[in-house]
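In the UniProt record's numbering, the protein residues as written are 2 to 529.
C-beta: ideal position from N, C-alpha, C; glycine also.
Model, not experiment: these values are computed from the prediction.
Structure first, commentary second.
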Ligand code: ADP
Ligand code: ZN
């Protein structure tokens, strides 16, 4: 890095052009860069693809000393360093994948002032020898990438990040810049306190990604729905398909290949070499699809991802935003498509109930899920709802499913009462709780073996719900869960009433639901 001069701004734009080959800064970049070059601390909230890297790379080149970048993305460090070396920036990294000699070479370069940027895995900073090493060199700045990893409120918490709070105690004069694409107010506040960045300048970019079209559909026949999306809208496009479990990743990828669509699996249980190979093929080849758990994607910079499809419900709006944000980084039209159904809600609620941690933790997870469900069930613009979640306001966007085909809502009070009263009777009269399948069979008056076995055909509510079909009842139950009018209890996914259920049963509280597109006209009529 060249020493500080009085002409920092021009120096920054010169580096932008000469080193990185860009003519102009993107929105927000220049302010951050100037501030950090001047030695100020910064907290930068910028959406994925917004161009966060330059915000610390350019100041590292302009300021004297080495820019130390803390990043959890060990798998990407080699790529990042290679890309920097390719444009003549002297970069190196230290992480657990290296042997002693490799580490020594990088350490020597650092000490001799032969590095502009040094990438570090956060756990390195817990090793005393790393601290001693850093103390012997000259540091231009500390960049804390993926800073939301310090937030317990968020979904990527890494305990190693907590140690980063000591950086400014040891190096009070070195500016720190924390960057993240996650920006709920709660996360934002937590990053700020945990990293001691209350006095830092906060740079908040808009989180809107106007080129992404958001669509959320009820999950009926997910494979067929997915295939239709791929064949009709994204033939030959690169995309990411997210599944919740490793097993469904493998099954979905194999199934797509059978359908003649090139798809590669990615999840943490795969052999590390296969995982790396699949990731690098996805990055380098055109038109490949990667089927992955959420282990895939953090820090992935592939500009032409045309779609992100979720076959399972994300756990939070933040997760959903991050994952869908990997689409369309080049600014061209892209699709964020999510299919979700009753089983997702039941499964997620159960995961929360059985998750480790204290009640507070479970309550937070529950709030995350509720916000996600509210986004799924909204009849308003998805983008407005999404941006609201991040504290931004906006007007209907015209580029999401609810704007394009405004959903009707319908008065579902009577069906809701029927569902709730079956559950109420089972519990009150028999002390029993059941899952959605049994409730629906009772409503439909189906003499299934399990209905007969429990004598549920003698319940007063048996067969009171023939006006809706099986899938429609499941839709009603799903929306009741989403609205907090029903709860899932225990490991078995049995349904129970909530305090709000009583308002529907006894106080005639009106229940409105989003009309499912696939609802046939017959059912729609009787429901009114
Ligand atoms: P983020 O870390 O915010 O997700 P990156 O720093 O990886 O984003 O940048 C996303 C992409 O935008 C990269 O390909 C990067 O080279 C490109 N980029 C960043 N800044 C500029 C700029 N000023 N002009 C043109 N392209 C840019
Ligand atoms: Zn919209």
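- Under DSSP, the beta-bridge partners assigned to residue 291 are 241, 265.
- Residue 153 has its alpha-carbon roughly 18 Å from the corresponding atom of residue 44.
- With a 10 Å radius around the Cβ and a threshold of 16 neighbouring Cβ atoms, residue 476 comes out buried.
- Taking a 10 Å sphere around the C-beta of residue 429, we find fewer than 16 other C-beta atoms and assign the residue as exposed.
- A distance of 8 Å or more separates the beta carbons of residue 410 and residue 372.
- With respect to residue 466, residue 445 sits close: the two C-beta atoms are nearer than 8 Å.
- Residue 60 and residue 37 do touch by the CB rule: their CB atoms are close to 4 Å apart, below 8 Å.
- In this structure, residue 145 places its C-beta atom within 8 Å of the C-beta atom of residue 165.
- Taking all protein chains shown into account, residue 451 has fewer than 16 neighbouring C-beta atoms within 10 Å of its C-beta and is therefore exposed.
- By the criterion of at least three beta-carbon pairs nearer than 8 Å, the region 67 to 77 is in contact with the region 107 to 121.
- Separation of residue 87 and residue 277 (C-alpha to C-alpha, rounded to the nearest whole angstrom) is 21 Å.
- The beta strand (DSSP E) runs lying completely inside the region 64 to 116 and spanning 3 residues or more are 67 to 71, 92 to 95, given in chain order.
- With fewer than three CB-CB distances shorter than 8 Å, the region 494 to 501 does not count as touching the region 396 to 416.
- Annotation for residue 188: the continuous alpha helix (DSSP H) segment containing it runs 186 to 195.
- Counting only the Cα atoms, residue 183 lies some 12 Å from residue 388.
- Residue 403 has its Cβ nearer than 7 Å to a heavy atom of the ligand ZN.
- Look at residue 514 here: in three-state DSSP terms it is strand.
- Nearest in C-alpha terms to residue 254, of all of 247, 248, 264, 246, is 264.
- Secondary structure at residue 426: helix, using DSSP grouped into helix, strand and coil.
- For residue 21, the three-state secondary structure derived from DSSP is coil.
- Assignment of residue 380 by DSSP, reduced to helix, strand and coil, places it in the coil class.
- For residue 483 against residue 374, the beta-carbon gap comes to about 4 Å, under 8 Å, which counts as contact.
- Bounds of the beta strand (DSSP E) holding residue 311 are 306 to 311.
- In the assembly as shown, residue 323 is a buried residue. Its beta-carbon has 16 or more other beta-carbons within 10 Å.
- Within the same chain, and ignoring the five residues on either side of residue 440 in sequence, the residues whose Cβ sits closer than 6 Å to its Cβ are 423.
- According to DSSP, residue 338 shares a beta bridge with 216, 310.
- Here residue 358 is exposed. Its C-beta has fewer than 16 other C-beta atoms within 10 Å.
- Inclusion of residue 382 in the 7 Å shell around the ligand ZN follows from its C-beta lying nearer than that to a non-hydrogen atom of the ligand.
- In the three-state reduction of the DSSP assignment, residue 286 falls in the coil class.
- DSSP places residue 36 inside the alpha helix (DSSP H), whose first and last residues are 30 to 38.
- Residue 490 is bridged by DSSP to 495.
- Using a C-beta cut-off of 8 Å, the region 168 to 175 makes contact with the region 129 to 145, since at least three inter-stretch Cβ pairs fall below that distance.
- Residue 363 has its alpha-carbon roughly 14 Å from the corresponding atom of residue 489.
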